[in-house]
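Participant: Numbering follows our numbering, with no gaps: position 95 of the sequence shown is 163.
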Amino acid sequence: GSRNHQMTINVKTEEHIQYIEVDRPKKFNAMTQEMYHELARAYFRLDADPEARVGLVYAVGPHFTSGLELTHWAGTFDAGKGFPFVAENEIDPFYMMSDKRCRKPIVLAVHGYCYTWGFEMMLNTDIRVAATDTRFGMLEVKRGFFPGAGATLRLAKESGWANARRYMLTGDEMSGPEAYRLGLVQELAEPGQQFDRALALARHVAKAAPLGVAHALRLSRLAVLEGEETARGLIYPAMEEVMKSEDMMEGLQSFIERRAAVFKGK
(Lines of atoms letter the chains of each structure in order from A and count residues from 1; the text may use other names and numbers.)
(Lines give C-alpha, C1' and ligand atoms only; values in the text may rest on other atoms or scores of the structure.)
Protein backbone atom coordinates (compact mmCIF):
# COMPACT_ATOMS: atom_id res chain seq x y z
CA GLY A 1 0.00 0.00 0.00
CA SER A 2 0.93 3.66 -0.29
CA ARG A 3 1.20 4.29 3.45
CA ASN A 4 4.11 1.94 3.94
CA HIS A 5 5.69 0.49 0.83
CA GLN A 6 6.80 -2.62 2.73
CA MET A 7 3.38 -3.69 3.95
CA THR A 8 2.06 -6.59 1.92
CA ILE A 9 -1.12 -7.09 3.94
CA ASN A 10 -3.30 -3.98 4.25
CA VAL A 11 -5.90 -3.89 7.00
CA LYS A 12 -8.75 -1.46 7.61
CA THR A 13 -12.09 -1.67 9.39
CA GLU A 14 -15.21 0.07 8.04
CA GLU A 15 -18.86 -0.50 8.97
CA HIS A 16 -18.01 -3.56 11.08
CA ILE A 17 -16.09 -5.26 8.25
CA GLN A 18 -12.33 -5.77 8.53
CA TYR A 19 -10.75 -5.74 5.09
CA ILE A 20 -7.62 -7.88 4.79
CA GLU A 21 -5.96 -7.14 1.47
CA VAL A 22 -3.11 -9.30 0.16
CA ASP A 23 -0.91 -6.85 -1.74
CA ARG A 24 2.24 -8.14 -3.47
CA PRO A 25 0.90 -8.20 -7.03
CA LYS A 26 4.22 -7.97 -8.87
CA LYS A 27 5.12 -11.34 -7.35
CA PHE A 28 1.59 -12.77 -7.78
CA ASN A 29 1.22 -12.50 -4.00
CA ALA A 30 3.81 -15.18 -3.31
CA MET A 31 4.01 -15.38 0.47
CA THR A 32 7.14 -14.33 2.32
CA GLN A 33 7.69 -14.97 6.04
CA GLU A 34 6.98 -11.27 6.66
CA MET A 35 3.63 -11.58 4.83
CA TYR A 36 2.81 -14.58 6.98
CA HIS A 37 3.35 -12.53 10.14
CA GLU A 38 1.33 -9.61 8.77
CA LEU A 39 -1.55 -11.96 7.96
CA ALA A 40 -1.30 -13.56 11.41
CA ARG A 41 -1.46 -10.08 12.99
CA ALA A 42 -4.48 -9.20 10.82
CA TYR A 43 -6.32 -12.31 12.08
CA PHE A 44 -5.45 -11.37 15.65
CA ARG A 45 -6.72 -7.83 15.11
CA LEU A 46 -9.98 -9.10 13.62
CA ASP A 47 -10.44 -11.42 16.59
CA ALA A 48 -9.72 -8.67 19.14
CA ASP A 49 -11.46 -5.63 17.60
CA PRO A 50 -14.96 -5.16 19.07
CA GLU A 51 -15.92 -3.01 16.06
CA ALA A 52 -15.08 -5.74 13.55
CA ARG A 53 -17.80 -8.36 13.14
CA VAL A 54 -16.58 -10.13 10.01
CA GLY A 55 -13.36 -10.34 8.01
CA LEU A 56 -13.06 -10.06 4.23
CA VAL A 57 -9.89 -11.50 2.71
CA TYR A 58 -9.03 -10.71 -0.91
CA ALA A 59 -6.01 -9.97 -3.08
CA VAL A 60 -4.88 -7.37 -5.61
CA GLY A 61 -3.32 -8.12 -8.99
CA PRO A 62 -4.12 -10.86 -11.53
CA HIS A 63 -3.90 -13.75 -9.04
CA PHE A 64 -4.87 -14.47 -5.45
CA THR A 65 -1.53 -16.21 -4.90
CA SER A 66 1.05 -18.28 -6.74
CA GLY A 67 2.01 -19.96 -3.43
CA LEU A 68 4.90 -19.61 -1.01
CA GLU A 69 8.04 -17.67 -1.93
CA LEU A 70 10.01 -20.83 -1.20
CA THR A 71 13.43 -19.13 -0.98
CA HIS A 72 12.09 -17.19 2.03
CA TRP A 73 11.23 -20.31 4.02
CA ALA A 74 14.60 -21.99 4.56
CA GLY A 75 15.02 -23.20 8.13
CA THR A 76 11.32 -23.77 8.73
CA PHE A 77 9.78 -26.80 6.99
CA ASP A 78 13.14 -28.29 6.00
CA ALA A 79 14.14 -28.15 9.68
CA GLY A 80 11.04 -30.00 10.86
CA LYS A 81 9.29 -26.83 12.01
CA GLY A 82 6.05 -25.38 10.76
CA PHE A 83 5.14 -21.77 10.19
CA PRO A 84 7.18 -19.45 12.44
CA PHE A 85 4.24 -18.65 14.67
CA VAL A 86 5.43 -17.20 17.92
CA ALA A 87 3.98 -13.82 18.85
CA GLU A 88 1.22 -13.03 21.33
CA ASN A 89 -0.42 -10.65 18.86
CA GLU A 90 -0.76 -13.25 16.09
CA ILE A 91 -3.25 -15.96 15.15
CA ASP A 92 -1.89 -18.50 12.68
CA PRO A 93 -4.20 -18.23 9.64
CA PHE A 94 -3.56 -21.90 8.89
CA TYR A 95 -4.68 -22.98 12.37
CA MET A 96 -1.68 -25.29 12.64
CA MET A 97 0.76 -23.71 15.09
CA SER A 98 -1.52 -23.17 18.10
CA ASP A 99 -5.09 -23.65 19.26
CA LYS A 100 -5.90 -19.96 18.81
CA ARG A 101 -8.71 -19.36 16.35
CA CYS A 102 -10.21 -16.17 15.00
CA ARG A 103 -13.65 -15.98 16.64
CA LYS A 104 -15.10 -13.77 13.89
CA PRO A 105 -16.31 -15.28 10.63
CA ILE A 106 -14.18 -14.71 7.53
CA VAL A 107 -15.42 -14.26 3.96
CA LEU A 108 -12.90 -14.98 1.21
CA ALA A 109 -12.75 -13.75 -2.40
CA VAL A 110 -10.34 -15.52 -4.76
CA HIS A 111 -9.41 -15.26 -8.43
CA GLY A 112 -6.70 -16.40 -10.83
CA TYR A 113 -4.12 -18.72 -9.25
CA CYS A 114 -5.10 -19.80 -5.75
CA TYR A 115 -2.26 -22.18 -5.06
CA THR A 116 -0.88 -24.01 -2.02
CA TRP A 117 -1.27 -21.72 1.02
CA GLY A 118 -4.19 -19.90 -0.66
CA PHE A 119 -6.06 -23.18 -1.06
CA GLU A 120 -5.27 -24.27 2.49
CA MET A 121 -6.16 -20.94 4.10
CA MET A 122 -9.49 -21.11 2.28
CA LEU A 123 -10.37 -24.18 4.37
CA ASN A 124 -10.32 -22.00 7.53
CA THR A 125 -12.63 -19.37 6.09
CA ASP A 126 -16.39 -19.50 6.50
CA ILE A 127 -17.94 -18.24 3.26
CA ARG A 128 -16.09 -18.29 -0.07
CA VAL A 129 -16.56 -16.61 -3.42
CA ALA A 130 -14.43 -17.55 -6.42
CA ALA A 131 -14.13 -15.96 -9.83
CA THR A 132 -14.96 -18.44 -12.59
CA ASP A 133 -11.33 -18.19 -13.75
CA THR A 134 -9.90 -19.30 -10.39
CA ARG A 135 -7.38 -22.13 -10.58
CA PHE A 136 -7.02 -23.87 -7.24
CA GLY A 137 -4.00 -26.07 -6.74
CA MET A 138 -2.21 -28.13 -4.17
CA LEU A 139 0.93 -28.37 -6.28
CA GLU A 140 3.20 -29.71 -3.54
CA VAL A 141 3.42 -33.31 -4.78
CA LYS A 142 4.56 -31.99 -8.17
CA ARG A 143 7.42 -30.14 -6.47
CA GLY A 144 8.58 -32.96 -4.22
CA PHE A 145 6.75 -32.47 -0.93
CA PHE A 146 3.14 -32.42 0.34
CA PRO A 147 0.57 -29.92 1.67
CA GLY A 148 1.63 -28.71 5.12
CA ALA A 149 -0.92 -26.02 6.00
CA GLY A 150 -3.95 -28.10 6.93
CA ALA A 151 -5.42 -29.59 3.74
CA THR A 152 -4.44 -33.10 4.84
CA LEU A 153 -6.51 -32.59 8.00
CA ARG A 154 -9.48 -30.69 6.61
CA LEU A 155 -10.10 -30.99 2.90
CA ALA A 156 -11.79 -34.41 2.95
CA LYS A 157 -14.29 -33.19 5.58
CA GLU A 158 -15.54 -30.65 3.05
CA SER A 159 -15.07 -32.34 -0.30
CA GLY A 160 -15.27 -36.06 0.51
CA TRP A 161 -12.31 -38.45 0.74
CA ALA A 162 -11.74 -39.34 -2.92
CA ASN A 163 -12.41 -35.82 -4.19
CA ALA A 164 -9.66 -34.58 -1.86
CA ARG A 165 -7.28 -37.36 -2.92
CA ARG A 166 -7.97 -36.76 -6.61
CA TYR A 167 -6.40 -33.28 -6.39
CA MET A 168 -3.99 -33.72 -3.50
CA LEU A 169 -2.23 -36.79 -4.92
CA THR A 170 -1.94 -35.48 -8.49
CA GLY A 171 -1.18 -31.80 -7.97
CA ASP A 172 -3.73 -31.10 -10.73
CA GLU A 173 -5.49 -27.74 -10.79
CA MET A 174 -9.14 -27.50 -9.76
CA SER A 175 -11.29 -24.99 -11.64
CA GLY A 176 -13.59 -22.46 -9.98
CA PRO A 177 -16.71 -24.29 -11.22
CA GLU A 178 -15.32 -27.61 -9.93
CA ALA A 179 -14.64 -26.08 -6.50
CA TYR A 180 -18.22 -24.79 -6.55
CA ARG A 181 -19.56 -28.25 -7.50
CA LEU A 182 -17.68 -29.78 -4.56
CA GLY A 183 -19.07 -27.17 -2.16
CA LEU A 184 -15.67 -25.61 -1.42
CA VAL A 185 -16.95 -22.25 -2.66
CA GLN A 186 -20.44 -20.86 -2.12
CA GLU A 187 -20.65 -18.50 -5.07
CA LEU A 188 -19.07 -18.17 -8.49
CA ALA A 189 -18.63 -14.68 -9.91
CA GLU A 190 -17.51 -13.27 -13.23
CA PRO A 191 -13.79 -12.38 -13.08
CA GLY A 192 -13.52 -8.97 -11.44
CA GLN A 193 -16.86 -9.36 -9.66
CA GLN A 194 -15.72 -11.71 -6.90
CA PHE A 195 -14.81 -8.92 -4.47
CA ASP A 196 -18.21 -7.22 -4.78
CA ARG A 197 -20.06 -10.50 -4.26
CA ALA A 198 -17.93 -11.33 -1.21
CA LEU A 199 -18.43 -7.83 0.18
CA ALA A 200 -22.21 -8.19 -0.18
CA LEU A 201 -22.07 -11.45 1.80
CA ALA A 202 -19.80 -9.86 4.44
CA ARG A 203 -22.35 -7.05 4.81
CA HIS A 204 -25.11 -9.61 5.44
CA VAL A 205 -23.00 -11.17 8.20
CA ALA A 206 -22.15 -7.73 9.64
CA LYS A 207 -25.86 -6.83 9.83
CA ALA A 208 -26.73 -10.03 11.71
CA ALA A 209 -26.70 -10.21 15.52
CA PRO A 210 -23.01 -10.46 16.52
CA LEU A 211 -23.62 -12.60 19.60
CA GLY A 212 -25.75 -14.99 17.57
CA VAL A 213 -23.11 -15.19 14.84
CA ALA A 214 -20.28 -15.69 17.36
CA HIS A 215 -22.03 -18.56 19.17
CA ALA A 216 -23.16 -20.20 15.91
CA LEU A 217 -19.55 -20.18 14.70
CA ARG A 218 -18.07 -21.30 18.03
CA LEU A 219 -20.47 -24.21 18.51
CA SER A 220 -20.18 -25.39 14.90
CA ARG A 221 -16.40 -25.36 15.17
CA LEU A 222 -16.52 -27.17 18.52
CA ALA A 223 -18.71 -29.91 17.00
CA VAL A 224 -16.14 -30.46 14.23
CA LEU A 225 -13.05 -30.37 16.45
CA GLU A 226 -14.28 -31.99 19.68
CA GLY A 227 -17.43 -33.82 18.66
CA GLU A 228 -21.18 -33.37 18.79
CA GLU A 229 -21.53 -34.40 22.42
CA THR A 230 -19.25 -31.61 23.66
CA ALA A 231 -20.98 -28.99 21.52
CA ARG A 232 -24.48 -30.19 22.40
CA GLY A 233 -23.87 -29.67 26.12
CA LEU A 234 -23.08 -26.00 25.52
CA ILE A 235 -25.91 -24.98 23.20
CA TYR A 236 -28.63 -24.23 25.76
CA PRO A 237 -26.48 -22.40 28.33
CA ALA A 238 -25.26 -20.20 25.45
CA MET A 239 -28.84 -19.75 24.22
CA GLU A 240 -29.97 -18.61 27.66
CA GLU A 241 -27.24 -15.98 27.73
CA VAL A 242 -28.00 -14.68 24.23
CA MET A 243 -31.78 -14.57 24.83
CA LYS A 244 -31.14 -12.02 27.61
CA SER A 245 -29.18 -9.67 25.33
CA GLU A 246 -30.22 -6.20 24.19
CA ASP A 247 -29.88 -7.47 20.62
CA MET A 248 -32.51 -10.14 21.26
CA MET A 249 -34.94 -7.40 22.36
CA GLU A 250 -34.05 -5.38 19.27
CA GLY A 251 -34.59 -8.44 17.07
CA LEU A 252 -38.07 -8.94 18.45
CA GLN A 253 -38.88 -5.23 18.35
CA SER A 254 -37.75 -4.88 14.73
CA PHE A 255 -39.94 -7.85 13.79
CA ILE A 256 -42.98 -6.27 15.47
CA GLU A 257 -42.23 -2.90 13.84
CA ARG A 258 -41.50 -4.49 10.45
CA ARG A 259 -38.12 -2.81 10.08
CA ALA A 260 -34.50 -3.95 9.79
CA ALA A 261 -32.88 -4.70 13.14
CA VAL A 262 -29.88 -2.64 14.22
CA PHE A 263 -27.67 -4.82 16.39
CA LYS A 264 -25.01 -3.63 18.83
CA GLY A 265 -23.39 -6.87 19.92
CA LYS A 266 -24.71 -6.44 23.47
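Positions of the beta carbon are idealized from the N, C-alpha and C atoms, including for glycine.
1) Identify whether GLY205 lies in helix, strand or coil by the three-state DSSP scheme.
2) Within this structure, are the beta carbons of TYR181 and MET206 separated by less than 7 angstroms?
3) Curious, which full-length alpha helix (DSSP H) runs of at least 4 residues does the stretch 241-297 contain?
4) For the beta strand (DSSP E) containing ASN231, name the first residue and the last one.
5) Do the CB positions of ARG79 and ALA274 come within less than 7 angstroms of each other?
6) Taking three-plus beta-carbon pairs below 8 angstroms as touching, is the stretch 155-171 in contact with the stretch 188-195?
7) Hey, how far is the Cα of VAL175 from the Cα of LEU285?
8) Can you list, in chain order, the residues of its chain whose CB lies under 6 angstroms from that of GLN86, leaving out five sequence neighbours each side?
9) Hey, GLN254 and ALA199: beta-carbon distance below 7 angstroms or not?
10) Label VAL125 either buried or exposed according to how many other C-beta atoms from any shown protein chain fall within 10 Å of its C-beta, with 16 as the threshold for buried.
11) Quick check for students: name the residue ranges of the alpha helix (DSSP H) that lie wholly in the stretch 137-190, counting only runs of 4 or more.
12) Looking at the unbroken alpha helix (DSSP H) that takes in ARG327, where does it start and where does it end?
Facilitator: So, from the listed chains and residues:
1) The residue labelled residue 205 in the question sits at position 137 within the sequence shown. It is a strand residue.
2) Along the sequence shown, one-based indexing puts residue 181 at 113. Along the sequence shown, one-based indexing puts residue 206 at 138. In this structure, MET206 does not lie closer than 7 angstroms to TYR181 by Cβ.
3) 244-249, 262-275, 278-294
4) Residue mapping note: residue 231 aligns to position 163 of the sequence shown, counting from 1. ASN231: not part of any beta strand (DSSP E); member of the alpha helix (DSSP H) spanning 229-236, first to last residue.
5) In the sequence shown, the residue the question calls residue 79 occupies position 11. In the sequence shown, the residue the question calls residue 274 occupies position 206. Before going further, note that residue 79 is Val rather than Arg in the sequence given. Inclusion of VAL79 and ALA274 in the CB contact set at 7 angstroms is not warranted, their separation being larger than that value.
6) yes
7) One-based indexing of the sequence shown puts residue 175 at position 107. One-based indexing of the sequence shown puts residue 285 at position 217. For VAL175 and LEU285, the distance between alpha carbons rounds to 13 angstroms.
8) Sequence index remark: in the sequence shown, residue 86 carries index 18 (1-based). Excluding sequence neighbours, GLN86 sits near LEU114, ALA120, GLY123.
9) One-based indexing of the sequence shown puts residue 254 at position 186. One-based indexing of the sequence shown puts residue 199 at position 131. No.
10) Translated into positions along the sequence shown, residue 125 becomes position 57. The residue in question, VAL125, is buried, as its Cβ has 16 or more Cβ neighbours within 10 Å.
11) Whole alpha helix (DSSP H) segments, 4+ residues: 185-190.
12) Within the sequence shown, the letter at position 259 stands for residue 327. Membership of ARG327 in any alpha helix (DSSP H) is not indicated, and neither H nor E is assigned to it by DSSP.
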